[in-house]
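In the working numbering, the protein residues as written are 206 to 433.
A virtual CB, placed ideally from N, CA and C, is assigned to each residue, including glycine.
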């Protein structure tokens, strides 16, 4: 009897986890549409403040993003959480404007953006597949990834003042590794039942993919950009 109960409990847990994962992937796919729309809007904006007052622009941007994080968290169990999440993805799409404007100003800009998008997709699918099929628990990565993320943010803030190109490239390269690690960690966390809310799971994976794309694009622009 006890064995039957344990089997039933494990089956119910697996079904619940699969549902969270399916809903997460579905919402993640939907979230890309507002991002693309926002990116087109952002490509037609001037972003003058980002050029004249980069620190103020960054602080206002972070305040807006973390404000949306708070709203999503507070409404994670309602449909309003989905609305706030999609609003955030639109705003983040708009914020892609400056780097996309620069990329598309290159003679091979379209190729670079496509390569960054394709590379991001390939990395996500590969790591998500590993996280879903591997029997290994990747939860040990959480502490190291969080420390790496904090150091990455601090380094990025410092580099705003010094504007060292080599440091900027190094930061982007490290960011690609960190957010790739977060994809592996977060998908594995969902699979193992560590995250049961699909809205919060989607938010985590979306931010990983977004930051992976931005930093990969930055690297490709520096390495492949043709300014002729």
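| request: Please list, in chain order, all residues of the same chain as residue 262 whose beta carbon is under 7 angstroms from its beta carbon, the five residues on each side excluded. | output: Position 57 of the chain shown, counting from 1, holds the residue named residue 262. 254, 255.
| field | Other residues of its chain near residue 419: CB distance less than 6 angstroms, five sequence neighbours each side excluded | value | The residue given as residue 419 occupies position 214 in the chain shown. Excluding sequence positions up to five before and after residue 419, its CB lies less than 6 angstroms from no other CB in the same chain.
| field | Assigned secondary structure, residue 311 (DSSP; H/G/I helix, E/B strand, else coil) | value | As a position in the chain shown, residue 311 is number 106, starting the count at 1. Reduced to three states, the DSSP call for residue 311 is coil.
| request: Check whether the segment 364 to 371 touches the segment 338 to 346, taking contact to mean three or more Cβ pairs, one atom from each stretch, closer than 8 angstroms. | output: Touching, no.
| task | Determine the contact status of residue 302 and residue 309, defining contact as a CB-CB distance below 8 angstroms. | result | Along the chain shown, read from residue 1 onward, the residue named residue 302 stands at position 97. Along the chain shown, read from residue 1 onward, the residue named residue 309 stands at position 104. The criterion of a C-beta distance shorter than 8 angstroms is not satisfied by residue 302 and residue 309.
| said: So for residue 275, helix, strand or coil by DSSP? | reply: As a position in the chain shown, residue 275 is number 70, starting the count at 1. Three-state result, residue 275: helix.
| request: Return the Cβ separation of residue 289 and residue 282 in integer angstroms, given the expectation that the two are a contact with Cβ distance under 8 angstroms. | output: Translated into positions along the chain shown, residue 289 becomes position 84. Translated into positions along the chain shown, residue 282 becomes position 77. The pair is not a contact, with the Cβ atoms about 12 angstroms apart (cut-off 8 angstroms).
| request: Ignore the nearest five residues each way along the sequence and tell me which others in residue 407's own chain have a CB closer than 7 angstroms to its CB. | output: Numbered from its first residue, the chain shown carries residue 407 at position 202. Within the same chain, residue 407 has close Cβ partners 229, 232, 233, 236, 290.
| Span of the alpha helix (DSSP H) holding residue 354? | Counted from its first residue, the chain shown places residue 354 at position 149. 346 to 367 is the span of the alpha helix (DSSP H), which, as asked, contains residue 354.
| request: Assess, as a yes-or-no matter, whether the segment 293 to 300 is touched by the segment 238 to 245 under the definition of 3 or more beta carbon pairs within less than 8 angstroms. | output: With the cut-off at 8 angstroms, the segment 238 to 245 and the segment 293 to 300 touch.
| request: Report the three-state DSSP secondary structure of residue 266 (helix, strand or coil). | output: Here residue 266 refers to the residue found at position 61 when the chain shown is read from its first residue. Correct three-state label for residue 266: helix.
| said: As a quick exercise: from 396, 422, 252, pick the residue whose alpha carbon is nearest that of residue 339. | reply: By 1-based counting over the chain shown, the position of residue 339 is 134. Out of 396, 422, 252, 396 has the C-alpha closest to the C-alpha of residue 339.
| task | Report all residues from its chain with a CB closer than 7 angstroms to the CB of residue 286; omit the five preceding and five following residues, and keep chain order. | result | For the purposes of this step, residue 286 is identified with residue 81 of the chain shown, where counting begins at 1. Cβ within range, chain order: 277, 280, 404.
| residue 292 to residue 239 span [Cα, whole Å] | To locate residue 292, count along the chain shown from 1; it is residue 87. To locate residue 239, count along the chain shown from 1; it is residue 34. Here the C-alpha atom of residue 292 lies approximately 8 angstroms from the C-alpha atom of residue 239.
| Going by beta carbon distance, what residues of the same chain come within less than 6 angstroms of residue 394, once the five residues before and after it are set aside? | On the chain shown, position 189 is the one that residue 394 refers to. For residue 394, same chain residues with a beta-carbon under 6 angstroms away, outside a window of 5 residues either side, are 400 in chain order.
| message | DSSP three-state label for residue 323, please. | response | Working through the chain shown from its first residue, we reach residue 323 at position 118. Helix at residue 323.
| request: Report the rounded CA-to-CA distance for residue 398 versus residue 324, giving the unit in angstroms. | output: The residue given as residue 398 occupies position 193 in the chain shown. The residue given as residue 324 occupies position 119 in the chain shown. Approximately 28 angstroms, taken between the alpha carbons.
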